[in-house]
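A.B. asks: Dropping a structure here in structure tokens format, bear with me for questions.
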Amino acid sequence: MAAHPKRLILVAALMVATGGLTASGSAGVQVSGTERPAPARIISLVPALTEMLFAIGAGPQVIAVSSYDNFPAEVKALPKVGALLDPDTERILSLRPDLVITYGSQGELESQFARAGIRTFSYRHGGVPIVLETLRALGAATGHAVEADRTAREIQAQLDDIRARVRGRARPRTLLVFDRQPQSLQQMYVSGGVGFLHEMLEIAGGSNVFADVRREAVQPSHELLIVRAPEIILEVRAAGLLAADDVRRERGVWSALGSVPAIRNGRILFLSGDYLVVPGPRVAQATAAFARALHPEAFR
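Numbering (this note's numbering), first residue to last: 120 to 419.
If you want it as structure tokens, here you go:
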């Protein structure tokens with residue numbers, strides 16, 4: 120069965136080694152001994168950072184986005200120029216950007232843009248603090264530092280509120296699944312003990328059963344799932360990967376591991392929406408969704 124494009128891009132991005140973010144050529148940063156003005160023509164190949172650009176008021180500067188961008192609504196009218204695995208370099212160059220937002224794994228692409236005199240802002244997925252750090256760095260790079268700082272502070276306040284709501288409550292041992300083969304327990308990817316999904320789960324009042332594995336993504340065997348014995352299985356999906364009428368069928372697939380406490384007790388939860396798996400300005404909204412699923416009584 121061919122992989123769904125959204126599934127492929129999410130798994131590929133999460134499998135990129137973590138390492139924070141680096142910004143090159145940003146406004147206020149020394150580049151070859153000179154400062155550069157705020158960019159007027161930005162292309163983003165990273166959906167999370169596209170959302171950030173619009174959240175901090177830099178949306179009017181964005182002239183093109185990746186093939187997988189669909190939020191906010193304004194991006195739907197913009198040219199699409201490929202993404203992590205298939206950037207359309209020729210199209211990007213033809214649009215004459217003065218800043219391109221790239222993934223940290225696209226080093227060769229960044230070198231090509233550098234030779235063409237185009238600045239890049241290079242990003243790697245990390246934890247929730249990296250989301251806030253990236254917002255501020257992107258604000259500095261695009262001339263929206265004040266707006267970016269305000270947005271970061273608002274997100275932090277929302278996360279602090281979620282922490283307060285779940286504080287003192289039992290923290291169920293949770294398996295956070297962000298991908299698997301439909302109608303099967305094969306090709307499963309779950310959150311390890313680093314990265315934004317893990318940190319969102321912890322803030323939401325869950326205890327990640329793979330917290331000890333220092334990777335963003337883990338492919339567990341069935342035997343390991345039984346040993347880890349999660350009390351809750353929380354499956355999250357980008358929009359379009361799981362139809363509402365498929366949930367019952369997908370929940371039934373877990374019956375093959377009936378000795379796992381979460382399965383034995385019927386505690387298999389499904390959440391769907393792009394915002395759940397994008398480390399952008401909606402990270403607090405996604406964390407709240409996790410918390411409401413794990414601790415509904417805290418939000419009554």
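Every residue gets a Cβ at the ideal spot worked out from N, C-alpha and C, and that includes glycine.
How long is the line joining the alpha carbons of Leu-218 and Gly-287, rounded to whole angstroms?
C.D. replies: The residue given as residue 218 occupies position 99 in the sequence shown. The residue given as residue 287 occupies position 168 in the sequence shown. Cα-Cα distance, rounded: 46 angstroms.
A.B. asks: Let me know the secondary structure DSSP gives Asp-364 once reduced to three states.
C.D. replies: Residue 364 sits at position 245 when you count from the first residue of the sequence shown. Of the three classes helix, strand and coil, the one that applies to Asp-364 here is helix, per DSSP.
A.B. asks: Going by DSSP, name the residue or residues bridged to Lys-195.
C.D. replies: Working through the sequence shown from its first residue, we reach residue 195 at position 76. DSSP output for Lys-195 lists no bridge partner at all.
A.B. asks: Give the straight-line distance between the Cα atoms of Arg-160 and Ala-357, rounded to the nearest whole angstrom.
C.D. replies: Counting from one through the sequence shown, the residue named residue 160 turns up at place 41. Counting from one through the sequence shown, the residue named residue 357 turns up at place 238. Rounded to whole angstroms, Arg-160 to Ala-357 spans 29 angstroms at the Cα level.
A.B. asks: Counting pairs of beta carbons, one from the segment 399–407 and one from the segment 310–329, are three or more of them closer than 8 angstroms?
C.D. replies: yes
A.B. asks: In three-state terms, what does DSSP make of Asp-268?
C.D. replies: Here residue 268 refers to the residue found at position 149 when the sequence shown is read from its first residue. Residue state, collapsed to three classes: helix.
A.B. asks: For the alpha helix (DSSP H) that Val-184 lies in, which residues bound it at each end?
C.D. replies: By 1-based counting over the sequence shown, the position of residue 184 is 65. Note, Val-184: premise wrong, no alpha helix (DSSP H); beta strand (DSSP E) at 181–184.
A.B. asks: Just to confirm the assignment: which complete alpha helix (DSSP H) runs, minimum length 4, are found wholly within the segment 360–414?
C.D. replies: 366–372, 380–383, 402–413
A.B. asks: Take Gln-277 and list the residues in its own chain whose beta-carbon comes closer than 6 angstroms to its own, dropping the five residues that flank it on each side.
C.D. replies: As a first step, residue 277 must be located in the sequence shown, where it is residue number 158. Ala-403.
A.B. asks: Using the three-state DSSP reduction, which class does Glu-335 fall into: helix, strand or coil?
C.D. replies: The count along the sequence shown starts at 1 and reaches residue 335 at position 216. Three-state result, Glu-335: coil.
A.B. asks: Go through its chain and collect everything with a Cβ distance to Val-184's Cβ below 6 angstroms, but skip five positions before and after it.
C.D. replies: Residue 184 sits at position 65 when you count from the first residue of the sequence shown. Apart from the 5 residues on each side of it in sequence, Val-184 sits with its Cβ closer than 6 angstroms to the Cβ of Ser-163, Thr-169, Val-194, Leu-197 in its chain, given in chain order.
A.B. asks: Answer yes if the segment 289–304 comes into contact with the segment 250–263, meaning at least three C-beta pairs across the two stretches below 8 angstroms, and no otherwise.
C.D. replies: Short answer: they don't touch.
A.B. asks: Going along the chain, which residues of its own chain have a beta-carbon closer than 7 angstroms to the beta-carbon of Val-266, five neighbours each way excluded?
C.D. replies: As a first step, residue 266 is located in the sequence shown; it is residue number 147 there, counting from the start. Note that residue 266 is Glu in the sequence shown here, rather than Val. Counting only Cβ-Cβ distances below 7 angstroms, and skipping sequence neighbours, we find Ile-175, Gly-176, Gly-258.
A.B. asks: For Glu-318, which option in Ile-382, Val-181, Ala-381, Ile-249 has the closest C-alpha, if you only look at C-alpha atoms?
C.D. replies: Locating residue 318 in the sequence shown gives position 199, counting from the first residue. Its Cα nearest to that of Glu-318, the residue Ile-249 stands out among Ile-382, Val-181, Ala-381, Ile-249.
A.B. asks: Count the other CB atoms within 10 Å of the CB of Asn-384; is the residue buried (16 or more) or exposed (fewer)?
C.D. replies: Looking up residue 384 in the sequence shown gives position 265. Under this definition Asn-384 is an exposed residue.
A.B. asks: To the nearest angstrom, how far is the alpha carbon of Gly-311 from that of Glu-252?
C.D. replies: Numbered from its first residue, the sequence shown carries residue 311 at position 192. Numbered from its first residue, the sequence shown carries residue 252 at position 133. Taking the straight line from one Cα to the other gives about 22 angstroms.
A.B. asks: Using only the alpha-carbon positions, how far apart do His-263 and Phe-173 sit?
C.D. replies: Numbered from its first residue, the sequence shown carries residue 263 at position 144. Numbered from its first residue, the sequence shown carries residue 173 at position 54. Rounded to the nearest angstrom, the two C-alpha atoms are 11 angstroms apart.
A.B. asks: Per DSSP, what kind of secondary structure is Ser-310 in: helix, strand or coil?
C.D. replies: As a first step, residue 310 is located in the sequence shown; it is residue number 191 there, counting from the start. Looking at Ser-310 - three-state DSSP - the assignment turns out to be strand.
A.B. asks: Count the CB pairs spanning the segment 213–232 and the segment 375–383 that are closer than 8 angstroms, and state whether there are at least three.
C.D. replies: no
A.B. asks: I need the boundaries of the alpha helix (DSSP H) containing Phe-232, first residue and last residue.
C.D. replies: For the purposes of this step, residue 232 is taken as residue 113 along the sequence shown, with counting starting at 1. That run of the alpha helix (DSSP H) goes 226–234.
A.B. asks: Within 10 angstroms of its Cβ, does Glu-350 collect 16 or more other Cβ (buried), or is it exposed?
C.D. replies: Counted from its first residue, the sequence shown places residue 350 at position 231. It is buried - the Cβ of Glu-350 has at least 16 other Cβ atoms within 10 Å.
A.B. asks: Could you have a look at Glu-354 and say whether DSSP puts it in helix, strand or coil?
C.D. replies: Residue numbering aside, residue 354 sits at position 235 when the sequence shown is read from its first letter. Three-state result, Glu-354: strand.
A.B. asks: Kindly indicate which residue of Gln-231, His-341, Leu-203 has the alpha-carbon position closest to the one of His-244.
C.D. replies: Position 125 of the sequence shown, counted from the first residue, corresponds to residue 244. Out of Gln-231, His-341, Leu-203, Leu-203 has the C-alpha closest to the C-alpha of His-244.
A.B. asks: For Val-247, which option in Ile-352, Thr-208, Gln-275 has the closest C-alpha, if you only look at C-alpha atoms?
C.D. replies: Position 128 of the sequence shown, counting from 1, holds the residue named residue 247. Ranking Ile-352, Thr-208, Gln-275 by Cα distance to Val-247 puts Gln-275 first.
A.B. asks: Within 10 Å of its beta-carbon, does Glu-209 have 16 or more other beta-carbons around it, so buried, or fewer, so exposed?
C.D. replies: If you number the sequence shown from 1, residue 209 lands on position 90. By the 10 Å Cβ count, Glu-209 comes out exposed.
A.B. asks: Going by beta-carbon coordinates alone, are Gly-348 and Thr-261 separated by less than 8 angstroms?
C.D. replies: Residue 348 sits at position 229 when you count from the first residue of the sequence shown. Residue 261 sits at position 142 when you count from the first residue of the sequence shown. As written in the sequence, residue 348 is Ala, which differs from the Gly given in the question. Note that the C-beta distance between Ala-348 and Thr-261 is not below 8 angstroms.
A.B. asks: Rounded to a whole number of angstroms, what is the C-alpha to C-alpha distance between Gly-147 and Ile-220?
C.D. replies: Within the sequence shown, numbered from 1, the residue matching residue 147 stands at position 28. Within the sequence shown, numbered from 1, the residue matching residue 220 stands at position 101. No answer about Gly-147 holds up, because its pLDDT of 26 lies below 50 and its placement is not dependable.
A.B. asks: Once the 5 residues before and after Val-337 are set aside, which same chain residues still bring their CB inside 6 angstroms of it?
C.D. replies: Sequence index remark: in the sequence shown, residue 337 carries index 218 (1-based). Closer than 6 angstroms at Cβ, skipping near neighbours: Val-309, Gly-311, Phe-329.
A.B. asks: From this set, Pro-216, Leu-388, Leu-316, His-341, which residue's C-alpha is nearest Arg-334's C-alpha?
C.D. replies: Numbered from 1 along the sequence shown, position 215 holds the residue referred to as residue 334. Nearest in C-alpha terms to Arg-334, of all of Pro-216, Leu-388, Leu-316, His-341, is Leu-316.
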